[in-house]
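A.B. asks: The structure is given below, and queries will be raised subsequently.
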Amino acid sequence: LSINQPKLCPSATWNSNAVTFTNPFTIGTQLNSISIDINNTIYVAEGILNCVQVWLNGNAIPINIYIGLNTPQAVFPSINGDIYIDNSNHNGQVDRWALNALLGTRVMNISGACYGLFIDINNYLYCSIDSAHQVIKQSLDNDTLTVAAGTSTGGNKANQLNHPRGIFVDINLNMYVADSGNARIQLFKSGQSNATTVVGTGASGTFTLHQPVAVILDSDGYLFIADFGNNCIIRSGRSGFYCLFGCTYHPGTASNQLHNPQSLSFDSYGNLYVADSGNHRIQKFNLATNSCDISFNLPKLCSNATWNPDAITVANSTSIGLYPQGLFVNINNTVYLSATSFNNILVLSEGSTSPQTYISYDLSGPGAMFVTVDGTVYVHNGRNNGSIYKWANNGAAGSVLAMFVNSTCNGIFVDIQDNIYCSVRHRHIVIKKLSNNTANTTTTIAGNGTAGSGPYMLENPRGIFVDNNFNLYIADCENNRIQLIQQGYTNMTTVVGNGSNETIVFDCPTSVILDADGYLFIADYNNQRIIGSNANGYRCIVGCTNGNGSASNQLSQPWSLSFDSYGNIYVDDAGNSRVQKFLFISNSCDEVIFYDDTLTSTTYLNISTM
C-alpha cells in the first residue's frame, strides 16, 4: 500500500497533547481529508480554498494544487507518486495529478462527492459516494467500474450503507467502511456484498459511535477511527475498542481536545495526524512509547485450562520467614519474594531449587512488589515511612524513593509508561504517580478516601492490575468484589463479586491478575482459594474443596498470585508462610499459546509439568 501502516504494540501510547502541524492561516477553514504516503509526504484536501496542499517530507511550506479543482472532499496518493483527488462539485469526476503537473486528468466519472478515496494493492481506485450510499471501484488499468458495497438506497441492513465516508482496503482486499449515518464501521470481506459490523451500532460490547467518518488500520489490523460526532479518536486493541484522544467527548481547542475530527493518517514513525475540522487545524499526536515488552506473563489459555490441585512448595518459612506479603514472577520465570519478617528480597531463578538473597539492606518489612523489564524492583518498604522504594541494577546502587505513601500499600503496579500505582489500604484509595513527576506528588484515581461500597468508593483495597489499555482492576477486599475503572472514566464498575451478575461469592479478594485474553484470576483470601474466569464465567481453580489447611491441595490466606511463562500459577500462601506452585496440566488445545513480544507471530509450546 502507498500509505503507512506502522507496527504498533497493543501497549503503544501517544502524547495526549498534540502539536499543531498547520493552522487556518495556511490550510483554510474547511479541512476535508488528510493522507500521508510512505515517504511521509502529507496531502490535505481543503474545500474553501479549492485546493490540495502537499508538504514534502521535511518541508514547512506546502505545494498548492488548485487549477480546475472545486471543493475537493478527499485525496489519496498512489505508490508511484500520483495523487488522486475528488473533483466532483460541478465537475463530477476524480482526477489524477502528477505532483508537478499543471493540470489533472479525469480518471473516474462519479455521480456525487467522494468522501473517501483508496487505492488497493491490485490498483483499483475506490470512492465512497455519500449521497448514493455506495462505494464504487474502478480498475486504473482498464477503466472497469463496479459497485463495491451498498445498494444505492440508504439503510442499515448488512448489504446497505447510510452516508458512507472513509474507507480502507487491506492487503487481503477486505474493505472497511465508516458507515457514518448508521454509526458503525462495516467490514466487507473480499468478494462479499454483506458486511459484518466491527464496532458501533449492531456490534454489542464494542463502542458507541456518533458519526464515524474515517477508519485506518495499523500493520496488525487494529482499527483507528475518527468519530466526528463524539469529537474523539477511537482505536482497537487486544481488549477491544477504547478512546485514544479527545476522550471527554466534548469539543474544545486545547491541545488534548478535538472538534469534529474529519480524517486521520499515520506517518512512518507511528505519529498520528488528525484533520481537526472544527478547529481548522491539523493536529499531530506524537508516538510516545512503542515497547512491546512487559515484565510479567500473560499466558494464552484455552477455556477449560486446569492446574494440578497438589502444589509444589518452592519456598517455606525457613527461607522466607513468617507471613510473606510480596510475590512477582517475570517473563524469564525468575520468582521474586518479599521475606517480610526477614527484611529482605529473595529470588528464585528458573531451574534453581532454593531462593537466594537478592536485596538485604535499606529494607524494613517489605511487602507488595513489582519488577519492571529492566529489572528494577519496586517494593513497599512497610516500616520505612510506609513508601515505595526502588532498586536498580540488582540493588547495587542502593534504594531510591519512588513514591511517598505514608501508609500501607498492599498493591503495586508499574504500567507500560512507567507510571506507579499503589492501593492504599487504610485510606481506601488507589493513587498514581506519573513517570515524569520528580516532586513525589500523587493523584487519587480510585476511591474517595471514605470506606464504602458506592461506585466511587473502595474499602481496604488490596491487589491491583493495569492492562495495556490502562484499565485498572482492583481487589476491593472488604466489599468482596473486583472493581474496574476504565481509562478516561472516574466511576468504577463491578466485574465480579458483590453487586455483579456473577454468582460466585468472595470473602476478601486480595489479588487480581489477567491472562492474554483478559480473563481474571483472583486470590480469595478468606475462602482459601484461587478463582479464575473463562468464556463460561468464574470457577474455582485450586483450594476448592478442603478449606483452610497446610496440605499440598490447601491454602491459608492466599495473599497474591502470579503466572510463569508456562501458565503455572505461583501463590503467596501467606497463612502457611510458603509459596506454592500449581502446575498447568491441560487445556483443550493440548498446547499453551503465547503471544511473542512483537505480536507478529504466535508460539506454540507443548504442555509442560516441570
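In terms of full-length UniProt numbering, the sequence shown has 215 at position 215, counting the first letter as 1, and numbering is strictly consecutive. Just so you know, even glycine gets a beta-carbon here, dropped at the ideal spot from N, CA and C. This structure is a prediction, so every number in the text was calculated from the model and none was measured.
1. Quick one: grab the DSSP three-state call for Ala-12.
2. Which partner residues of residue 612 appear in the DSSP bridge assignment?
3. Going by Cα to Cα distance, which pick from Asn-553, Gly-549 and Ala-74 is closest to Val-542?
4. Which residues bound the alpha helix (DSSP H) around Phe-25?
5. Can you give the beta carbon distance from Thr-153 to Asn-159, rounded, assuming they're within the 8 Å contact cut?
6. Is Ile-79 closer than 8 Å to Ser-128 when the C-beta atoms are compared?
7. Nearest by alpha-carbon distance to Phe-584: which of Asn-308, Asn-279 and Ile-530 is it?
8. What's the gap between the Cα of Ile-65 and the Cα of Tyr-378?
9. Using a Cβ-Cβ cut-off of 6 Å (strictly less than) and excluding sequence neighbours within five positions of Met-492, which residues of its own chain qualify?
10. Can you look up residue 679 in the DSSP assignment and give me helix, strand or coil?
11. Under three-state DSSP, which class holds Glu-478?
12. Residue ranges of each beta strand (DSSP E) run of no fewer than 3 residues wholly in the stretch 217-284, ordered along the chain?
13. Buried or exposed: Asp-143, going by 16 or more other Cβ atoms within 10 Å of its Cβ?
14. With a threshold of 6 Å on Cβ separation, who are the neighbours of Asn-527 within its own chain once the five nearest residues in sequence on each side are excluded?
15. Pop quiz: Ser-556 and Asp-573 are said to be a contact at Cβ under 8 Å. What is the actual Cβ separation, rounded to whole angstroms?
16. What are the start and end residues of each continuous beta strand (DSSP E) run of 3 or more residues lying completely inside the stretch 516-548, in chain order?
17. Leaving out the 5 sequence neighbours to the left and right, which residues in its chain are closer than 6 Å to Val-199 when beta-carbon positions are compared?
18. Would you check if the stretch 330-339 and the stretch 510-520 touch, i.e. whether three or more CB-CB distances between them fall below 8 Å?
19. Kindly indicate which residue of Ile-345, Leu-258, Val-496 and Gln-417 has the alpha-carbon position closest to the one of Trp-14.
20. Could you tell me the distance, in whole angstroms, from the CA atom of Asn-467 to the CA atom of Gly-411?
21. Grab the span of the beta strand (DSSP E) containing Thr-357 for me, first residue to last.
22. Put Asn-17 into one of helix, strand or coil per three-state DSSP.
23. How far does the alpha helix (DSSP H) with Ser-319 in it reach, from first residue to last?
24. Assuming Gly-497 and Arg-481 are in contact, meaning their beta carbons sit under 8 Å apart, how far apart are those beta carbons, in whole angstroms?
25. Compare the C-alpha of Asn-182 against each of Gly-155, Val-169, Asn-194 and Ala-368 and name the closest.
C.D. replies: On the basis of the coordinates in this document:
1. Taking the first residue of the sequence shown as position 1, residue 12 is located at position 12. Look at Ala-12 here: in three-state DSSP terms it is coil, with no helix or strand label.
2. The structure shown does not extend to residue 612, since the chain is modelled only from 1 to 610, so the question has no answer here.
3. What you label residue 542 is simply residue 542 of the sequence shown in a count that begins at 1. The alpha carbon of Val-542 has as its nearest neighbour, out of Asn-553, Gly-549 and Ala-74, the alpha carbon of Asn-553.
4. On the sequence shown, position 25 is the one that residue 25 refers to. Segment 24-27, the alpha helix (DSSP H) holding Phe-25.
5. In the sequence shown, residue 153 corresponds to position 153, counting from 1. In the sequence shown, residue 159 corresponds to position 159, counting from 1. Rounded to the nearest angstrom, the Cβ distance from Thr-153 to Asn-159 is 10 Å, too far for a contact under 8 Å.
6. Position 128 of the sequence shown, counted from the start, is the residue given in the question as residue 128. Position 79 of the sequence shown, counted from the start, is the residue given in the question as residue 79. Result no, Cβ atoms of Ser-128 and Ile-79 do not sit closer than 8 Å.
7. Counting from one through the sequence shown, the residue named residue 584 turns up at place 584. Among Asn-308, Asn-279 and Ile-530, the Cα nearest to that of Phe-584 belongs to Asn-308.
8. To locate residue 65, count along the sequence shown from 1; it is residue 65. To locate residue 378, count along the sequence shown from 1; it is residue 378. Answer to the nearest angstrom: the Cα atoms are 56 Å apart.
9. By one-based count along the sequence shown, residue 492 stands at place 492. Hits under 6 Å: Pro-455, Gln-483 and Ile-485.
10. With the chain running from 1 to 610 in the structure shown, residue 679 is simply not present.
11. For the purposes of this step, residue 478 is identified with residue 478 of the sequence shown, where counting begins at 1. DSSP places Glu-478 in the helix class (H, G or I) of the three-state scheme.
12. Runs of the beta strand (DSSP E) inside the stretch 217-284: 223-227, 232-237, 240-245, 261-266 and 272-276.
13. Residue 143 sits at position 143 when you count from the first residue of the sequence shown. Exposed: under 16 other Cβ atoms inside 10 Å.
14. The sequence position of residue 527 within the sequence shown is 527, counting from 1. Around Asn-527: Asp-507.
15. For the purposes of this step, residue 556 is taken as residue 556 along the sequence shown, with counting starting at 1. For the purposes of this step, residue 573 is taken as residue 573 along the sequence shown, with counting starting at 1. Contact between Ser-556 and Asp-573 holds: their C-beta atoms lie close to 6 Å from each other, under 8 Å.
16. The stretch 516-548 contains these whole beta strand (DSSP E) runs: 520-524, 529-534 and 537-542.
17. For the purposes of this step, residue 199 is taken as the residue at position 199 of the sequence shown. Excluding the 5 residues flanking it on each side, Val-199 has same chain C-beta neighbours closer than 6 Å at Ile-185, Thr-206, Phe-207 and Phe-241, in chain order.
18. Touching, no.
19. Along the sequence shown, one-based indexing puts residue 14 at 14. Looking only at Ile-345, Leu-258, Val-496 and Gln-417, the smallest Cα-Cα distance to Trp-14 is reached by Gln-417.
20. As a position in the sequence shown, residue 467 is number 467, starting the count at 1. As a position in the sequence shown, residue 411 is number 411, starting the count at 1. Asn is not the amino acid found at residue 467; the sequence shown has Asp there. Looking at the two C-alpha atoms, the distance is approximately 15 Å.
21. Reading the sequence shown from its first residue, position 357 is the one you call residue 357. Per DSSP, Thr-357 belongs to the beta strand (DSSP E) from 356-359.
22. As a working mapping, residue 17 is identified with position 17 in the sequence shown. DSSP places Asn-17 in coil when its eight states are reduced to three.
23. Counting from 1 along the sequence shown, the entry for residue 319 is found at position 319. Per DSSP, the continuous alpha helix (DSSP H) segment holding Ser-319 begins and ends at 317-320.
24. One-based indexing of the sequence shown puts residue 497 at position 497. One-based indexing of the sequence shown puts residue 481 at position 481. About 3 Å separates the two Cβ atoms, so the contact holds.
25. Here residue 182 refers to the residue found at position 182 when the sequence shown is read from its first residue. Ranking Gly-155, Val-169, Asn-194 and Ala-368 by Cα distance to Asn-182 puts Gly-155 first.
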